[in-house]
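Remarks on the structure that follows.
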Amino acid sequence: MPRRCSIVSTAAILLATPLLAGPVLSNPAGPAPQPGDDDFISRARLSTWQTLREFESTQDRSTLPTWFNLGPTNVAGRTLAIEVHPDNSDIVFTGSASGGLWKSTDRGASWTPMTDDLPSLAVSAIEIDAAEPNHMWIGTGEGWGGDFVHGVGVLESWDGGESWALTGLSYDVEEGRDIFELEYNETTGTLLCAADNGLFRSTDDGATWTQLMTQGQWKDVKQKPGSAGTYYACAQSLTDDGVYRSTDDGLTWTLLGGGLPTDTIANCRLATTQANPNLVYWAVLRGSDKEIYRSTDGGDSWQLRSTQDGSEGWQALAIAVSSADPDLVFSNGNASYRSTDGGASWTEWATNVPATHHAIATDPSDDAVLWFGGEAGSYLSEDGGATFVPRNSGLVTVQVSAINHSTLSLGLALGGSQGNGTLRYTGGASFDQVLDGNGFQCEVGSADADIVWAQIQFGQHYRSTDGGTTFVPANDGIGEPGPWATPTHMDYGDDQTLWTAHGITLYKTTTGGQPWYATSAPGLAAGRSIAQCWAQRDHLAVCDASNVFVSDDHGETFQQVAHLLVGNALSDIAIHPNDPDVMFVTVSSYSPAVSKVLKTTDGGQNWVDFTHNLPGEPCNTVVFDRDDPDRVYLGTDLGVYASFDAGDAWLPLNVGLPHVVCTDLRWHPQGYLRVGTYGRGMWELDLVGLDPSAVGDNASPERLSPLTMRIHANPATAGAQPMVRFGLRDAGEVDLALYDALGRRVRTLFHGEHEARVDSVPLDTSGLRGGVYFVRMIAGGHTVSEKLVVAR
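For the sequence shown, the residue numbers in mature numbering (1 follows the signal peptide of the UniProt record, and there is no 0) are -21 to -1, 1 to 771.
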């Protein structure tokens, strides 16, 4: 299992050109104007993202296969920010923790990604210019801890989010900086930014910035409604934590007292309302308690109104006030609370909205409309909060930590995810949540796909014997917790044999977890990945942060063979399917001082840097193509790469794939590559379109087939339109059609000349009766067909 040392550090970089090709703005940022700002502005080095973009521009991408998103479209990942268009309630923007900015034009019924090509997909703040709503900014970087995706600063759009340019507040790779909030004053043209390294001010739409505060983490900033230049901001981790006020358009700031706590705080958020401009609410985490303070005189004096449970408040905290009723207050965190008396008393509500909550947004045009954003996406209330409905259809933002699939069928795959547990793919874009918690490594039996393993945080293992429908704990014999992301591996030839690395102990079971027993692996510390040789199953390898261990006795004993100087950043290990002496390891680090990929050909005694022409982003996962082991695939913080020469050179393989953190790659014997992404769900690539001439004589029959075809969303239901994916090894005329059970042609899906590549077409089932149909493809004298069930 691959393990990112820091599932975070997505390219925090500075760009001197537009971020997207096409009709976009030039970067308005000039030279850094402020002395001493080199700790956050860096124009001295070429970013890895920019290098990758230049690399991709040299490719003939029309010859490469296109990634296909498997979903899930019914489950969303962590939402950090929501903003409603000031003039049109149907237009809503949502910012995902690592899946980018999304836009809806139908009040959340459907969503479109707006930032897939940006170097960071962590969108933590959204601000719209109410006077010119197509003018907007986003802040990037989640910033709540060491395991989150960092940002690249503040970006600006003048066309409603269609294209973006970096502003003058931009971060370099190694800094790991994050934005928490943006506030724009349409009257004065002042833009304020609360960030984890200070408070910033711009008066030219973000082209240049002044750092107002150089210490502390500034968590929020709000304008006093109706005021030309009064603001409130709050901060932690500085000499004087608390609430600050500016009355001169953000130039100077004063710490407020008058009843506010003076000790250290852990997190905080502010809320104001146009219903009473002098009213300010402050939600603050102190110890394990979330306290709600209120000022009725513009911040001169404060009263502690109430105390709530602060569980998860270090990273999940939000507060908002009705724009019509100053006593109607909403407070979110590990649960949702509602107050009708100005925060003095609270009622837990919105219990159908999964905890944990990160954002609350009100609609400027309709006070009855309320949006929640949290661990499981976005939720909408149109009745003042009395009821909430999920608005996550098509919002593909799940943070997948690890994936696996059945090698017997393409129709079963599982993914462990942050906050959404373990998700199961069965052929359609809607996934089933089969296990709660934070999901990680999954295993599927190679002989019996009903045997499925899943895992939640700290190595709590669960076993299923019905394909993942039900699970039971399977931890007997394990005497210690594992790391947050604990690696496992199921034997390629025995569904009852597995290994898992817990702390300093590597455990094995030959009885399906009943029980586990400790093997010998002296020196192991918090394992990160376990691998096995496909053809010689007695040979295994495991790595921790810096060390590699190997076994030649089927994993009973392991010996350390290498200590690698990679900054404690080893993330994955893979063994050649036929030769256990050949292995790759990946390194998840942006540091230019360490290799990103290393290879050994002598069983781990000596390792050689195989980074070669990679741009330099963290590498998180590596997998061999078992049909042609000279093909090796890499998953990085910015996408996927392929090598056709055993790692001597790497080529980007990202057509259709966002620049997202890729956490886990899996090769399928039917000729597919799958990737789990931390923020954009699960994806699949049909390798039939990837250099077909390179497939050798030893390829599996599926890989040598002249035609391939898949139907997604099968059975077809009223809410899911099927997609037919088809691939050709040789160019020629194609006839692709739908037939009923009597053999009558009822739909022509494609007819004409087609190149030797993979393509997809929608299959419209409207007007069809329920029943069995067949999709048939004829090309080059060959025929392939697949059954489609239409459910009514």
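From the three backbone atoms N, C-alpha and C, an ideal C-beta is built for every residue, glycine too. Given the structure is predicted, the values throughout are model-derived calculations rather than measurements.
Inset, instruction - Have a look at Gly658, Leu644, Arg659 and flag the residue whose alpha-carbon is nearest the alpha-carbon of Leu652. - result: As a position in the sequence shown, residue 652 is number 673, starting the count at 1. Selected option, being the one with the closest Cα: Leu644.
Legend entry - Close beta carbons around Pro741, own chain, < 7 Å, minus the five adjacent residues each side: Translated into positions along the sequence shown, residue 741 becomes position 762. Only Gln700, Met702 meet the Cβ criterion.
Inset, instruction - Classify Lys269 as buried or exposed, calling it buried when 16 or more other Cβ atoms lie within 10 Å of its own Cβ. - result: On the sequence shown, residue 269 is found 290 positions in, with the first residue counted as 1. Classification of Lys269: buried, given that the 10 Å Cβ count is 16 or more.
Legend entry - For Ala553 and Val602, the rounded distance between their alpha carbons: The sequence position of residue 602 within the sequence shown is 623, counting from 1. The sequence position of residue 553 within the sequence shown is 574, counting from 1. Taking the straight line joining both Cα atoms gives about 6 Å.
Inset, instruction - In the DSSP assignment, find the unbroken beta strand (DSSP E) run with Arg265 in it and report its ends. - result: Taking the sequence shown and counting its residues from 1, one reaches residue 265 at position 286. Run containing Arg265: 259 to 265, per the beta strand (DSSP E) assignment.
Legend entry - CA-to-CA distance, Arg317 to Pro305, given in whole angstroms: Counting from one through the sequence shown, the residue named residue 305 turns up at place 326. Counting from one through the sequence shown, the residue named residue 317 turns up at place 338. Cα to Cα, Pro305 sits roughly 13 Å from Arg317.
Legend entry - Touch test, the region 385 to 395 against the region 341 to 358, Cβ-Cβ under 8 Å, three pairs minimum: no
Legend entry - Other residues of its chain near Tyr486: CB distance less than 8 Å, five sequence neighbours each side excluded: The count along the sequence shown starts at 1 and reaches residue 486 at position 507. Result list for Tyr486: Gly456, Ile457, Trp478, Thr479, Ala480, Trp495, Tyr496, Ala497, Thr498, in chain order.
Inset, instruction - Starting from Arg704, follow its DSSP beta bridges and name the residues at the other end. - result: Translated into positions along the sequence shown, residue 704 becomes position 725. Partner(s): Arg689, Ser739.
Inset, instruction - Locate the alpha helix (DSSP H) running through Glu35, then write down its first and last residues. - result: Start at 1 with the first residue of the sequence shown, and residue 35 comes out as number 56. Counting along the chain, the alpha helix (DSSP H) containing Glu35 begins and ends at 27 to 36.
Inset, instruction - State buried or exposed for residue 772, treating a residue as buried only when at least 16 other CB atoms are found within 10 Å of its CB. - result: With the chain represented from -21 up to 771, any question about residue 772 goes unanswered, as that position is not in the structure.
Legend entry - Assigned exposure category for Val451 - 16 Cβ within 10 Å defines buried: Position 472 of the sequence shown, counting from 1, holds the residue named residue 451. With a threshold of 16 other beta carbon atoms within 10 Å, Val451 falls short and is exposed.
Legend entry - Contacts around Gly416, its chain only, beta-carbon distance under 7 Å, and the 5 residues preceding and following it disregarded: Looking up residue 416 in the sequence shown gives position 437. Here the set comprises Gly400, Ile435, Gln436.
Legend entry - Opening and closing residue of the beta strand (DSSP E) in which Gln196 lies: Locating residue 196 in the sequence shown gives position 217, where the first residue counts as 1. That run of the beta strand (DSSP E) goes 196 to 202.
Legend entry - Cys247, enclosing beta strand (DSSP E) - first and last residue: As a working mapping, residue 247 is identified with position 268 in the sequence shown. Counting along the chain, the beta strand (DSSP E) containing Cys247 begins and ends at 246 to 251.
Inset, instruction - Would you check if the distance between the CB atom of Thr73 and the CB atom of Gly353 is smaller than 9 Å? - result: Working through the sequence shown from its first residue, we reach residue 73 at position 94. Working through the sequence shown from its first residue, we reach residue 353 at position 374. Cβ atoms of Thr73 and Gly353: not closer than 9 Å.
Inset, instruction - Starting from the Cα of Ser68, find the closest Cα among His647, Val54, Ser83 and give me that residue. - result: The count along the sequence shown starts at 1 and reaches residue 68 at position 89. It is Ser83.
Inset, instruction - Taking all protein chains shown into account, decide if His337 is buried (16 or more other Cβ within 10 angstroms of its Cβ) or exposed. - result: Reading the sequence shown from its first residue, position 358 is the one you call residue 337. Taking every protein chain shown into account, the CB of His337 has 16 or more other CB atoms within 10 angstroms, so this residue is buried.
Legend entry - Given Gly468 as reference, the closest of Ala692, Asp445, Trp513, Leu728 once Cα atoms are compared: Start at 1 with the first residue of the sequence shown, and residue 468 comes out as number 489. Before going further, note that residue 468 is His rather than Gly in the sequence given. Selected option, being the one with the closest Cα: Trp513.
Inset, instruction - Evaluate Asn633 with the Cβ neighbour count: other Cβ atoms within 10 Å of its Cβ, from every protein chain shown; 16 or more gives buried, anything less gives exposed. - result: Translated into the one-based positions of the sequence shown, residue 633 becomes position 654. When all chains shown are included, Asn633 counts as buried.
Legend entry - Separation of Arg516 from Gly447, as counted between CA atoms: Taking the first residue of the sequence shown as position 1, residue 447 is located at position 468. Taking the first residue of the sequence shown as position 1, residue 516 is located at position 537. Looking at the two C-alpha atoms, the distance is approximately 26 Å.
Inset, instruction - Tell me, please, which residues DSSP counts as bridged to Phe351. - result: Counting from 1 along the sequence shown, the entry for residue 351 is found at position 372. Partner(s): Ile339, Tyr358.
Inset, instruction - Give the straight-line distance between the Cα atoms of Ser550 and Leu613, rounded to the nearest whole angstrom. - result: Position 571 of the sequence shown, counting from 1, holds the residue named residue 550. Position 634 of the sequence shown, counting from 1, holds the residue named residue 613. The alpha-carbon atoms of Ser550 and Leu613 are separated by roughly 12 Å.
Inset, instruction - Using the Cα positions of Ile117 and Met756, report the straight-line distance between them to the nearest angstrom. - result: The count along the sequence shown starts at 1 and reaches residue 117 at position 138. The count along the sequence shown starts at 1 and reaches residue 756 at position 777. Cα-Cα distance, rounded: 46 Å.
Inset, instruction - For Glu422, count neighbouring C-beta atoms within 10 Å of its own C-beta (all shown protein chains included) and say buried if the count is 16 or more, exposed if not. - result: For the purposes of this step, residue 422 is taken as residue 443 along the sequence shown, with counting starting at 1. Buried: at least 16 other Cβ atoms inside 10 Å.
Inset, instruction - Classify Gln511 as buried or exposed, calling it buried when 16 or more other Cβ atoms lie within 10 Å of its own Cβ. - result: Within the sequence shown, residue 511 is the residue found at index 532, counting from 1. Buried.
Inset, instruction - In the DSSP assignment, find the unbroken beta strand (DSSP E) run with Thr45 in it and report its ends. - result: Position 66 of the sequence shown holds residue 45. It is not in any beta strand (DSSP E) - Thr45 carries neither H nor E in the DSSP assignment.
Legend entry - DSSP beta-bridge partners of Arg723: Reading the sequence shown from its first residue, position 744 is the one you call residue 723. According to DSSP, which records beta bridges pairwise, Arg723 is partnered with nothing at all.
Inset, instruction - Put Glu734 into one of helix, strand or coil per three-state DSSP. - result: Here residue 734 refers to the residue found at position 755 when the sequence shown is read from its first residue. It is coil, neither helix nor strand.
Legend entry - Inter-residue spacing [alpha-carbon to alpha-carbon] between Ser285 and Glu135: Position 306 of the sequence shown, counting from 1, holds the residue named residue 285. Position 156 of the sequence shown, counting from 1, holds the residue named residue 135. Rounded to the nearest angstrom, the two C-alpha atoms are 38 Å apart.
Legend entry - Inter-residue spacing [alpha-carbon to alpha-carbon] between Gly395 and Asp531: For this step, residue 395 is matched to residue 416 along the sequence shown. For this step, residue 531 is matched to residue 552 along the sequence shown. When rounded, the distance between both Cα atoms is 30 Å.
Inset, instruction - Indicate the three-state DSSP secondary structure (helix, strand or coil) for Arg332 in the structure shown. - result: Taking the first residue of the sequence shown as position 1, residue 332 is located at position 353. Checking the sequence, you will find Val at residue 332 rather than Arg. Coil, per DSSP.
Legend entry - Any chain C beta carbon closer than 9 Å to Thr241: In the displayed structure, chain C is absent; only one protein chain is listed.
Inset, instruction - Could you tell me which residues DSSP puts in a beta bridge with residue 832? - result: Outside the displayed range of the chain (-21 to 771) lies residue 832, so it cannot be described from this structure.
Legend entry - Selected residue, minimal CA-CA separation from Ala340, among Ser206, Lys766, Thr241, Val71: Locating residue 340 in the sequence shown gives position 361, counting from the first residue. Taking only the C-alpha atoms, the option nearest Ala340 is Val71.
Legend entry - Coil, strand or helix - Glu160 by DSSP: Position 181 of the sequence shown, counted from the first residue, corresponds to residue 160. Note: Glu160 maps to strand in three-state DSSP.
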